[in-house]
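Sequence positions in the sequence shown follow our numbering and run 2 to 474. Beta carbons are placed, not taken as given, at the ideal position from N, Cα and C, and that holds for glycine. Here is the structure we will look at.
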Amino acid sequence: MKPSLLTSAVLLAAALGGGCTMGPDYRQPPIAQPLVLKYDQGWQPMPSQAWAQSGAWWEAFADAELSALVVEANANNLTLAQAAARYRAALAQRRLSSADYLPTLSAALDASRSGGSDSANTDSSRAQLGISWELDVWGRVRRQVESDTAALDASAADLAAARLSIQLAVVNSFINLRALDVQQRILQQTLESSARSTQLTRNQYDAGIVSRADVIQAETQLQSLRSDLYDLQNERAVEENTLAALLGRAPSAFEQDIVDALPAVPPIPSQLPSELIARRPDVVAAERGVAAANADIGVAITAWLPTISLGASAGVSGESVSDLWNAPVRFWSVGPSLAQTLFDGGARDAARDAAYARYDEQVAAYRQTVLEGLTEVENALATTAILREKAVQQDKLVSLAEENERVITNRYQSGLVSYLEVAIAQNTTLNAKRGQVSVTSAQLAAAAQLAASIGGGWAVGDDVGDAASRPQE
């Protein structure tokens, strides 16, 4: 065997057998302890529900129309399309770095004429096929692939987070539309009642039973209700357009039917296991960001070490292109190469320090994301508990207001009180009923927020948002 080939074989064997990976191996950084929830007094799992296992958490509201809207948003929302494109770019980047594991094959064909003042012109042609392979002795490629794989996982988690955010926005917009429809129905009923009372007051005034002040009060009340109705209609139009954008539609191409009924508040647990925080998409993305930054440290360190490559080439040459096939001169070369940067003005030092700084930044961001996740879950649990009690009190308030309005109306018809008291009683009932709708819609929104704050659904083991559930590669 020729010495160059022997040297190449020895170097290759040494590289493959004794190669190492520079930089620290990844260990998940610790987070704030203890990782418990303030309101967790011993979590009891909910009865088995299909939506909790599939991640289709919006199915807890048991509304077919809502489910259809969420599915449409999943397919057509343009924000999700952008996140999906970023994921595909991350997938391509990992393929790009993985390609460095393999040798590079190249081919070249050139023809040239050369000459000078003291020499005749000469023609030459050359065809060459070459192969080169940088040996991953120090683990640069391995660390780069590790970094890009972690970045791919983070991109998948970002996509899941974007999807969850859009789903939550659709659910909230749908709840707002339904609440506005219910409030519009209540206001319309109050308007009809006020119109009857106003007509009665006019009749009593014509009969000399009441004063002109009562008529003015009744008409003022009626006009105020009409004005409020326009406000509700405007709010509904804006909310409908918002929902259309979430679905990826132009506002003119979307119209939501008026349904004056809210979905039922889904059953939710009063306590949750803190382990659910770990599967939130933003927590997964932050943790994978730490892993990618850790691998980048290894990539920066390998810049201090020499690169070892194996190369081989073979080809033919001649005076003209036709000579390459008819009477070629054959040549070949094979051997290793060693390259080392001796001076770079501190560039490698700066790159290494920057890699360590980015790692520290990612660790802090990861810990902050976990704390924010805990805060969101605590807030959602507290809100659901408080609203549950408030709904009971609001129901009592509506009953009392309706009874008071009946009593005041009877007293007015008997001539015992002025219409002002009737107007006050009607407003009290209207506000109580609208408050009841607001509390119910807030309960629905809180349930949706709780599901989103733990990554979608309440079941431990639900993979939604986990890097393992990233899109098919």
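Skipping 5 residues on each side, what residues in its chain have a beta carbon closer than 6 Å to that of residue i?
| i | result |
| --- | --- |
| alanine 151 | Arg289, Ala292 and Ala293 |
| proline 48 | Caution is warranted here: a pLDDT of 44 is assigned to proline 48, below 50, making its placement in the model unreliable, and no coordinate value can be reported. |
| arginine 482 | A question about residue 482 goes unanswered here, because the residues of the chain that appear run from 2 up to 474. |
| serine 318 | Arg127 and Val330 |
| leucine 110 | Ala128 |
| glycine 43 | Below a pLDDT of 50, predicted positions are generally treated as unreliable, and glycine 43, at 44, falls in that range; no measurement from the model is reported. |
Short check: CB of residue i to CB of residue j, under 8 Å?
| i | j | result |
| --- | --- | --- |
| leucine 181 | leucine 70 | no |
| glycine 312 | alanine 128 | no |
| leucine 388 | alanine 433 | no |
| leucine 263 | alanine 453 | no |
| serine 174 | leucine 244 | yes |
| threonine 429 | alanine 392 | no |
| glycine 56 | glycine 457 | yes |
| valine 300 | threonine 370 | no |
| aspartate 229 | leucine 277 | no |
| threonine 202 | leucine 431 | no |
| tyrosine 357 | isoleucine 298 | yes |
| serine 98 | valine 138 | no |
| tyrosine 88 | leucine 169 | no |
| serine 253 | alanine 219 | no |
| valine 172 | tryptophan 59 | yes |
| glutamine 257 | glutamate 236 | no |
| isoleucine 167 | alanine 74 | yes |
| leucine 103 | valine 266 | no |
Identify the continuous beta strand (DSSP E) that holds residue i and give its terminal residues.
| i | result |
| --- | --- |
| valine 359 | Residue identity differs from the one stated: residue 359 is arginine in this sequence, not valine. It is not in any beta strand (DSSP E) - arginine 359 instead sits in the alpha helix (DSSP H) that spans 348-414. |
| valine 317 | 308-319 |
| glycine 336 | 330-340 |
Can you list, in chain order, the residues of its chain whose CB lies under 7 Å from that of residue i, leaving out five sequence neighbours each side?
| i | result |
| --- | --- |
| threonine 308 | Glu135 and Ala340 |
| alanine 82 | none |
| alanine 381 | Ala447, Gln450, Leu451 and Ser454 |
| serine 195 | Gln222, Leu223, Leu226 and Gln427 |
| valine 322 | Ala112 and Ser126 |
Starting from residue i, follow the alpha helix (DSSP H) in both directions and report where the run begins and ends.
| i | result |
| --- | --- |
| leucine 81 | 79-99 |
| leucine 445 | 420-454 |
| alanine 287 | 282-303 |
Residue i and residue j look like a contact to me (Cβ under 8 Å); what is the Cβ gap, rounded to whole Å?
| i | j | result |
| --- | --- | --- |
| alanine 158 | alanine 286 | 4 Å |
| glycine 416 | isoleucine 210 | 6 Å |
| alanine 84 | alanine 155 | Rounded, the Cβ-Cβ distance is 12 Å, inconsistent with contact. |
Kindly say whether residue i, judged by its beta-carbon, lies nearer than 8 Å to any beta-carbon of chain B.
| i | result |
| --- | --- |
| glutamine 257 | You won't find chain B in this structure, because it holds only one protein chain. |
Short of 8 Å in beta carbon distance, which residues of its chain neighbour residue i, apart from the five on each side in sequence? Order them along the chain.
| i | result |
| --- | --- |
| valine 440 | Leu388, Lys391, Ala392 and Gln395 |
| leucine 106 | Leu130, Gly131 and Ile132 |
Give the list of continuous beta strand (DSSP E) stretches no shorter than 3 residues that lie fully inside the stretch 120-188.
Counting whole runs of 3 or more residues, the stretch 120-188 contains the beta strand (DSSP E) stretches 120-136.
Where in the stretch 188-251 do unbroken runs of the alpha helix (DSSP H), each at least 4 residues long, occur, reported from the N-terminal end onward?
Taken in chain order, the complete alpha helix (DSSP H) segments of 4 or more residues contained in the stretch 188-251 are 213-247.
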